[in-house]
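Position one of the sequence shown corresponds to residue 62 (the working numbering), numbered consecutively onward.
Every residue gets a Cβ at the ideal spot worked out from N, C-alpha and C, and that includes glycine.
As structure tokens, the structure follows; a few thoughts come after it.
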Amino acid sequence: MLKSNQRGLSLVELMLVVALLGMILAIGWGLFSLGMNAWETYQTRQEAEAAVRLTSMMITHELDYASFLEIRKGNMWTTSGENKPNVGDRIIYPNDTGDEIFLAEFTAGSDFTSQTIVQTQRCIMELSFQKTANPTGSHNHIDNILEYTITARYKDRDGIDENGDGQPEKAVIYSTSSSIMLSNMNPGYGVPVSDKSLYSEDKAYSPGDRIRYNTSTDRF
């Protein structure tokens, strides 16, 4: 039973309370969303950095004793015909969707045996290999040096138009560039420009998105 000096909440007061609660909940949800977005960005960058560094370590390790190397672009290897690889040839390349980097070896059964170097969930990977330009101008490129760039990009965040085609590429999360001195290369094969190396022909690419290499000495 209410006393004469007591009263309930008026409709206006009740609406004010509900509005204040709504504002508090909205602010809390906004802060929660910001925290989740920041955590997702952190996780994506951690994955991208780890994938780029692991791929770089694998490339350096694999090419330490390479005696032959070609730069290629796209699926230019077949199991028969002109571009047929030799037994023991290895290829480092990304898949079409960019979420895996593979290391494949051509075996005696005329087939490729592949293993995954890295597999990503939050980012896409790009590889770029090219010959090093000769600053002296005496030759087009320096023998036995390979440059490479590994780039991790967001799957769903646009960046800038990098190649001038009017379409922005996906924004870069993390990227690294390096060069390798291939001290065990056979003279006249692979990286050194020669008439025997597909690496120096017009149909070969520099830069390209994959490399073919071998540690054997008898190439042709």
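Delimiting residues of the alpha helix (DSSP H) encompassing residue i
i    : result
L115 : L72 to L124
Reduced DSSP secondary structure (H/G/I, E/B, other) of residue i
i    : result
R273 : strand
N245 : coil
E131 : strand
I221 : coil
R214 : strand
T148 : At residue 148 the sequence reads Val, which differs from the Thr that was named. DSSP places V148 in coil when its eight states are reduced to three.
Buried/exposed call for residue i, threshold 16 Cβ in 10 Å
i    : result
D219 : exposed
A109 : buried
T105 : buried
P146 : buried
L243 : buried
I185 : buried
M97  : exposed
A112 : buried
G135 : exposed
V179 : buried
Terminal residues of the beta strand (DSSP E) in which residue i lies
i    : result
I153 : R151 to P155
A165 : E161 to F167
T174 : F173 to Q180
Cβ of residue i within 8 Å of any chain C Cβ
i    : result
E223 : In the displayed structure, chain C is absent; only one protein chain is listed.
DSSP beta-bridge partners of residue i
i    : result
Q191 : E208
I185 : R214
T237 : I211
Proximity of residue i and residue j at Cβ, strictly below 8 Å
i    : j    : result
L207 : L124 : yes
R151 : A165 : yes
I132 : F190 : yes
L175 : T276 : Sequence inspection shows Ser at residue 175; the Leu mentioned does not correspond to that position. No, Cβ-Cβ distance for S175 and T276 is not below 8 Å.
I162 : T116 : yes
R271 : Y154 : yes
S232 : Y209 : Residue identity check: residue 232 is Ala in the sequence provided, not Ser. Cβ atoms of A232 and Y209: not closer than 8 Å.
S240 : I211 : no
I246 : L95  : According to the sequence shown, residue 246 is Met rather than Ile. Going by C-beta atoms, M246 is not nearer than 8 Å to L95.
beta-carbon residue i near the ligand PLP non-hydrogen atom, thresh 7 Å
i   : result
E74 : Among the components modelled here there is no ligand, and therefore nothing to report on the ligand PLP.
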